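*Asks:*
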Amino acid sequence: MQNMTGKRTHHIACNLCEAICGLEIKTDNGEIQSIRGDKQDPLSKGHICPKAVALQDIYKDPDRLRTPLKKTADGWREITWTEAFDEVSNRLKNIQRAHGNNAVAVYLGNPTVHNLEALIYGPMFFRTLKTRNRYSATSVDQLPEQLVSLMMFGHSLLIPLPDLDRTRFHIIFGANPVVSNGSMMTAPGVTRRLKAIRQRGGKLVVIDPRRTETAALADQHLFIRPGSDVYMLLAMLNVVFSEGLQTLGSASEFTAGLEHVESFVKDFQPESVASKTGIDPQAVRSLVREFCQAEGASCYGRIGVSTQRHGTLTQWLITVFNIVTGNLDIPGGTMFSQPAFEILKAAPPGKKGFADHYSRVRNLPNFNGEFPVAALAGEITTTGEGQVRALITNAGNPVLSTPNGQRLDEALGELEFMVSIDIYLNETSRHADIILPPVMGLERPHYDVAFQALAIRNGAKFSPAVFTPGREQRSDLQIFTELAWRMQKGNMFSKLGGWFKKVTLQRLGSGWIIDRRLKQGPYAKSHNLTLKKLKQNPHGIDLGAMRPCLPGRLFTRDKTIKLAPAGFVAELKQLGNVTPADHAEPVANGFDLQLIGRRDPRTNNSWLHNSRRMVKGKQRCIALIHPQDAESRGLESGDMAQVSSRVGSIRIPVQINADIMPGVISIPHGWGHQVEGIKLSVASEHAGVNTNILTDDHFLDSVSGNAALNGVPVSLSKVN
Numbered sequence: 264m265q266n267m268t269g270k271r272t273h274h275i276a277c278n279l280c281e282a283i284c285g286l287e288i289k290t291d292n293g294e295i296q297s298i299r300g301d302k303q304d305p306l307s308k309g310h311i312c313p314k315a316v317a318l319q320d321i322y323k324d325p326d327r328l329r330t331p332l333k334k335t336a337d338g339w340r341e342i343t344w345t346e347a348f349d350e351v352s353n354r355l356k357n358i359q360r361a362h363g364n365n366a367v368a369v370y371l372g373n374p375t376v377h378n379l380e381a382l383i384y385g386p387m388f389f390r391t392l393k394t395r396n397r398y399s400a401t402s403v404d405q406l407p408e409q410l411v412s413l414m415m416f417g418h419s420l421l422i423p424l425p426d427l428d429r430t431r432f433h434i435i436f437g438a439n440p441v442v443s444n445g446s447m448m449t450a451p452g453v454t455r456r457l458k459a460i461r462q463r464g465g466k467l468v469v470i471d472p473r474r475t476e477t478a479a480l481a482d483q484h485l486f487i488r489p490g491s492d493v494y495m496l497l498a499m500l501n502v503v504f505s506e507g508l509q510t511l512g513s514a515s516e517f518t519a520g521l522e523h524v525e526s527f528v529k530d531f532q533p534e535s536v537a538s539k540t541g542i543d544p545q546a547v548r549s550l551v552r553e554f555c556q557a558e559g560a561s562c563y564g565r566i567g568v569s570t571q572r573h574g575t576l577t578q579w580l581i582t583v584f585n586i587v588t589g590n591l592d593i594p595g596g597t598m599f600s601q602p603a604f605e606i607l608k609a610a611p612p613g614k615k616g617f618a619d620h621y622s623r624v625r626n627l628p629n630f631n632g633e634f635p636v637a638a639l640a641g642e643i644t645t646t647g648e649g650q651v652r653a654l655i656t657n658a659g660n661p662v663l664s665t666p667n668g669q670r671l672d673e674a675l676g677e678l679e680f681m682v683s684i685d686i687y688l689n690e691t692s693r694h695a696d697i698i699l700p701p702v703m704g705l706e707r708p709h710y711d712v713a714f715q716a717l718a719i720r721n722g723a724k725f726s727p728a729v730f731t732p733g734r735e736q737r738s739d740l741q742i743f744t745e746l747a748w749r750m751q752k753g754n755m756f757s758k759l760g761g762w763f764k765k766v767t768l769q770r771l772g773s774g775w776i777i778d779r780r781l782k783q784g785p786y787a788k789s790h791n792l793t794l795k796k797l798k799q800n801p802h803g804i805d806l807g808a809m810r811p812c813l814p815g816r817l818f819t820r821d822k823t824i825k826l827a828p829a830g831f832v833a834e835l836k837q838l839g840n841v842t843p844a845d846h847a848e849p850v851a852n853g854f855d856l857q858l859i860g861r862r863d864p865r866t867n868n869s870w871l872h873n874s875r876r877m878v879k880g881k882q883r884c885i886a887l888i889h890p891q892d893a894e895s896r897g898l899e900s901g902d903m904a905q906v907s908s909r910v911g912s913i914r915i916p917v918q919i920n921a922d923i924m925p926g927v928i929s930i931p932h933g934w935g936h937q938v939e940g941i942k943l944s945v946a947s948e949h950a951g952v953n954t955n956i957l958t959d960d961h962f963l964d965s966v967s968g969n970a971a972l973n974g975v976p977v978s979l980s981k982v983n
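Residue numbering for the sequence shown follows my numbering, starting at 264 and increasing by one per position.
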């Protein structure tokens, strides 16, 4: 039953994407009457995107699971929570007894980080498993950015953010924030913020293989060949040093390695890389000169550059470019947030954090205790000691969201046991033996730990639950603490202690840890910040613009920035031995186009497609191709085409569009809902195709093992 009778107004932060927009939700006797932007939210100021209303659709969705399911010979059967917890813990224990701890693997999906309870209490359960086989959506997303921060600043969560509201010159590589709402950069109302750069006399430049919705707002758009951003940035740095434009500013006192940067960029003149990037050398030189003349400039790259063959090198060079032009830790440049809930101390860096261990089959490095998800299918299908025989997924759909999803789909069928903690029976959870559905976002309290730490303006906001879950439902906190207690190893006394811990945490909820962290945070004294105060300020509290904080906020042992980490420099030296994606190799194999992704304002990765309001209207899962590529293949808009890669083929309608550069094809990810055995009635009617049938689990970032979803060589032909 809902806890809100009569007419009520609720103020919460939307937890669907990174923008965390403030919402005003009006309810009447447990029914949502309206969802609007909260004009009094100090960060979003009333901004709202089309996805927000999907919260109502998810809450009311008849396909959403509310009680545990067990797979039987006769199909799915509802079971009690006690039965479900017993079966999960017993099966996992038996597999680990027989085959070792590493026989159980864990995969965490993207929504985990949008869920405070899963973020805090999930690790409590996963630690009891004592397995090295941990995977997440990080390795199909932002892993390179976090690795760069770990190596340069000492902590993977110390991410430099563009000071959008004060910058005078902003360069965007491989990102489309007008559609994504901003990513690894929490900036609700980002379109307004980008327009404001120009209004105050600044300049916006977008470098992308497609003239995106963001590029349409820009002063300048430069087409670049997919996967060649690393060469563009090397050329930009070459101009900085060859023209004497380098300056570290105040960072000179705590930055090491400038001479190494100057040395390794000297051979990458704009003229020498033009054949790789497709960008005119004079345009490169002019861009760098203007950037260096601006009073406060920022360069930003996102998923388009992270998910490519040289994702880590590219993100590293973006950060280096910001630093050597004197734009780190200054207003208008790139700065660091100082959140009220101090996530850096809550999640301290490990002793090393990268390449502590390597995956059993493919020898891929781990990062923050996780292996690249591209290794998972092989770990399941390859026999021998350490073979993965059981899998736990939490809020993830890797069959649709990871490279060579078809291979993973087949591998999941070989598992001895699988459990999915998920609210839907989707393309991945259909393989599970047990599904444990937690409550959805409106049924639990929330504080955005991760994205307040990535916000371009400091703030704090607590979101109480809008509805009380039904008696048959369980929260993430309840699920994870129950499983942690049942999986706990030891004697009677340790298990009794675990039981008391479980009961105590379930009674306390998540509020106590929010309050504790706020009282330990940087605003405890200056703002008397507590959970009680946040509840008294339901719209949120503004804590001011980002402020210079270096070197104090660095986590390196000697409190210095490492401009030239040895591993990155070593990999950079291999660039000359790598055939760039635009060179002859793909063409020789018949793969003469390069695949890139695309986002849509009404979708969110592999979900929200079960909301009719999100999928109505024009078809979204289509391939964009340039008129030249269409003409050479006899294709017209609306024609069905076959797209093939080394690992798979799909059929998809095409749309001819001059906003994409020749030799490139753009297909959105997250679709492919025509699979048998799922329970997504609306999504099945708008199935689309799974672009990750084309992406290659052996086409990875050379440093981190992150998936290279962009720049994949493909062929295109008309389906007669």
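Here a beta-carbon is modelled for each residue, glycine too, at the ideal position from N, C-alpha and C. If you're wondering where the values come from, they're calculated on a predicted model, not measured in any experiment.
1. Alpha carbon to alpha carbon, how far is V712 from S446? Give it in angstroms, no decimals.
2. Put G512 into one of helix, strand or coil per three-state DSSP.
3. Nearest-angstrom Cα distance between A603 and R779?
4. If we count the other Cβ atoms within 10 Å of its Cβ and call it buried at 16 or more, is M703 buried or exposed?
5. Can you give me the C-alpha to C-alpha distance between K393 and K764, rounded to a whole angstrom?
6. At what residues does the alpha helix (DSSP H) containing Y786 begin and finish?
7. Consult DSSP for C562 and reduce its assignment to one of helix, strand or coil.
8. Would you say G933 touches the ligand SAM, meaning its beta carbon is less than 7 angstroms from a heavy atom?
9. With distances taken from CA atoms, which of G951, Y494, L943 is nearest D320?
10. F617 to P407, Cα distance in whole Å?
11. Is K323 buried or exposed, if buried means 16 or more other CB atoms sit within 10 Å of its CB?
12. Would A829 be called buried (16 or more neighbouring beta carbons within 10 Å of its own) or exposed?
13. Just grab the DSSP bridge partners of S664 for me.
14. For K529, count neighbouring C-beta atoms within 10 Å of its own C-beta (all shown protein chains included) and say buried if the count is 16 or more, exposed if not.
15. With a cut-off of 8 angstroms on the beta carbons, I'd call R875 and V945 a contact; round off their distance for me.
16. Assign V917 to one of three DSSP states: helix, strand, or coil.
17. On the three-state DSSP scale, how would you describe A844?
18. Can you round the beta-carbon distance between R456 and D964 to whole angstroms, since I take them to be within the 8 angstroms contact cut?
19. Along the chain, where does the beta strand (DSSP E) containing S978 start, and where does it finish?
20. Tell me, please, whether the segment 821 to 835 touches the segment 944 to 961 by the rule of three or more beta-carbon pairs shorter than 8 angstroms.
21. With 16 as the cutoff for other CB atoms within 10 Å, does L550 come out buried or exposed?
22. Can you tell me whether M903 is buried or exposed? The criterion is at least 16 other CB atoms within 10 Å of its CB, across all chains shown.
23. In the DSSP output, what is N657 paired with across the bridge?
24. Just confirm the distance between the C-beta atoms of G880 and N660, as a whole number of angstroms; I'd bet it's less than 8 angstroms.
25. Would you grab the beta carbon distance between P643 and L591 for me? Rounded to a whole angstrom, and I think it's under 8 angstroms.
26. T646 to L328, Cα distance in whole Å?
27. Report buried or exposed for A557, applying the criterion of at least 16 other Cβ atoms within 10 angstroms of its Cβ.
28. Between S726 and the rest of its own chain, which residues show a CB-CB distance below 6 angstroms, the 5 nearest in sequence each way excluded?
29. Going by other Cβ atoms of all chains shown within 10 Å of its Cβ, with 16 needed for buried, is S869 buried or exposed?
30. Could you name the residues of the same chain whose beta carbon sits closer than 6 angstroms to that of G772, not counting the 5 residues immediately before and after it, in chain order?
31. Hey, how far is the Cα of E899 from the Cα of I885?
32. For N657 versus G968, is the C-beta distance shorter than 8 angstroms?
33. Which term fits A438, buried or exposed, when burial requires 16 or more other beta carbons within 10 angstroms of its beta carbon?
34. If we require 4 or more residues per run, which alpha helix (DSSP H) segments fall completely within the segment 688 to 726?
35. In three-state terms, what does DSSP make of M903?
36. Can you confirm whether the segment 911 to 928 touches the segment 451 to 466 when touching is taken to mean that 3 or more C-beta pairs between the two stretches lie within less than 8 angstroms?
*Replies:* According to the structure shown:
1. On the sequence shown, residue 446 is found 183 positions in, with the first residue counted as 1. On the sequence shown, residue 712 is found 449 positions in, with the first residue counted as 1. When rounded, the distance between both Cα atoms is 15 angstroms.
2. The residue given as residue 512 occupies position 249 in the sequence shown. Helix, per DSSP.
3. Taking the first residue of the sequence shown as position 1, residue 603 is located at position 340. Taking the first residue of the sequence shown as position 1, residue 779 is located at position 516. Rounded to the nearest angstrom, the two C-alpha atoms are 11 angstroms apart.
4. As a working note, residue 703 is residue 440 in the sequence shown. It is buried - the Cβ of M703 has at least 16 other Cβ atoms within 10 Å.
5. Within the sequence shown, numbered from 1, the residue matching residue 393 stands at position 130. Within the sequence shown, numbered from 1, the residue matching residue 764 stands at position 501. When rounded, the distance between both Cα atoms is 19 angstroms.
6. As a position in the sequence shown, residue 786 is number 523, starting the count at 1. Neither: Y786 is in no alpha helix (DSSP H) and is coded neither H nor E.
7. Here residue 562 refers to the residue found at position 299 of the sequence shown. Strand, per DSSP.
8. Because no ligand of any kind appears in the structure shown, any question about the ligand SAM cannot be addressed here.
9. The residue labelled residue 320 in the question sits at position 57 within the sequence shown. With distances taken between Cα atoms, D320 lies closest to L943.
10. Numbered from 1 along the sequence shown, position 354 holds the residue referred to as residue 617. Numbered from 1 along the sequence shown, position 144 holds the residue referred to as residue 407. Roughly 11 angstroms between the two C-alpha positions.
11. Counted from its first residue, the sequence shown places residue 323 at position 60. When all chains shown are included, K323 counts as exposed.
12. Position 566 of the sequence shown, counted from the first residue, corresponds to residue 829. With fewer than 16 other Cβ atoms within 10 Å, it is exposed.
13. Here residue 664 refers to the residue found at position 401 when the sequence shown is read from its first residue. Looking at the DSSP assignment, S664 forms no beta bridge with any residue, so it has no partner.
14. Counting from one through the sequence shown, the residue named residue 529 turns up at place 266. Under this definition K529 is an exposed residue.
15. Numbered from 1 along the sequence shown, position 612 holds the residue referred to as residue 875. Numbered from 1 along the sequence shown, position 682 holds the residue referred to as residue 945. That pair is a contact at about 5 angstroms.
16. Residue numbering aside, residue 917 sits at position 654 when the sequence shown is read from its first letter. In this structure, V917 counts as strand in the three-state DSSP scheme.
17. Locating residue 844 in the sequence shown gives position 581, where the first residue counts as 1. For A844, the predicted model reports a pLDDT of 45, less than 50, meaning its position is unreliable and no value from the coordinates is stated.
18. Translated into positions along the sequence shown, residue 456 becomes position 193. Translated into positions along the sequence shown, residue 964 becomes position 701. The pair is not a contact, with the Cβ atoms about 29 angstroms apart (cut-off 8 angstroms).
19. As a position in the sequence shown, residue 978 is number 715, starting the count at 1. Run containing S978: 975 to 981, per the beta strand (DSSP E) assignment.
20. no
21. Here residue 550 refers to the residue found at position 287 when the sequence shown is read from its first residue. Burial call: buried.
22. Numbered from its first residue, the sequence shown carries residue 903 at position 640. Looking at its Cβ environment, which holds fewer than 16 other Cβ atoms inside 10 Å, M903 is exposed.
23. Here residue 657 corresponds to residue number 394 of the sequence shown, with the count starting at 1. DSSP output for N657 lists L371, I684 as bridge partner(s).
24. For the purposes of this step, residue 880 is taken as residue 617 along the sequence shown, with counting starting at 1. For the purposes of this step, residue 660 is taken as residue 397 along the sequence shown, with counting starting at 1. The pair is not a contact, with the Cβ atoms about 23 angstroms apart (cut-off 8 angstroms).
25. Mapped onto the sequence shown, residue 643 falls at position 380. Mapped onto the sequence shown, residue 591 falls at position 328. Note that residue 643 corresponds to Ile in the displayed sequence, not to Pro. That pair is no contact at about 43 angstroms.
26. Against the sequence shown, residue 646 aligns to sequence position 383. Against the sequence shown, residue 328 aligns to sequence position 65. Looking at the backbone, the Cα of T646 and that of L328 are separated by about 34 angstroms.
27. Numbered from its first residue, the sequence shown carries residue 557 at position 294. Result: buried.
28. Residue mapping note: residue 726 aligns to position 463 of the sequence shown, counting from 1. Cβ contact annotation for S726 (same chain, cutoff 6 angstroms, sequence separation greater than five): I275, A276, H709, in chain order.
29. Mapped onto the sequence shown, residue 869 falls at position 606. Counting Cβ neighbours within 10 Å, S869 comes out buried, since at least 16 surround it.
30. Here the question's residue 772 lines up with position 509 in the sequence shown. Here the set comprises nothing.
31. Here residue 899 is taken as the residue at index 636 of the sequence shown, counted from 1. Here residue 885 is taken as the residue at index 622 of the sequence shown, counted from 1. Rounded to the nearest angstrom, the two C-alpha atoms are 13 angstroms apart.
32. Translated into the one-based positions of the sequence shown, residue 657 becomes position 394. Translated into the one-based positions of the sequence shown, residue 968 becomes position 705. No. Outside cutoff.
33. The residue given as residue 438 occupies position 175 in the sequence shown. Flag for A438 reads buried.
34. 712 to 715
35. Residue mapping note: residue 903 aligns to position 640 of the sequence shown, counting from 1. Residue state, collapsed to three classes: strand.
36. no
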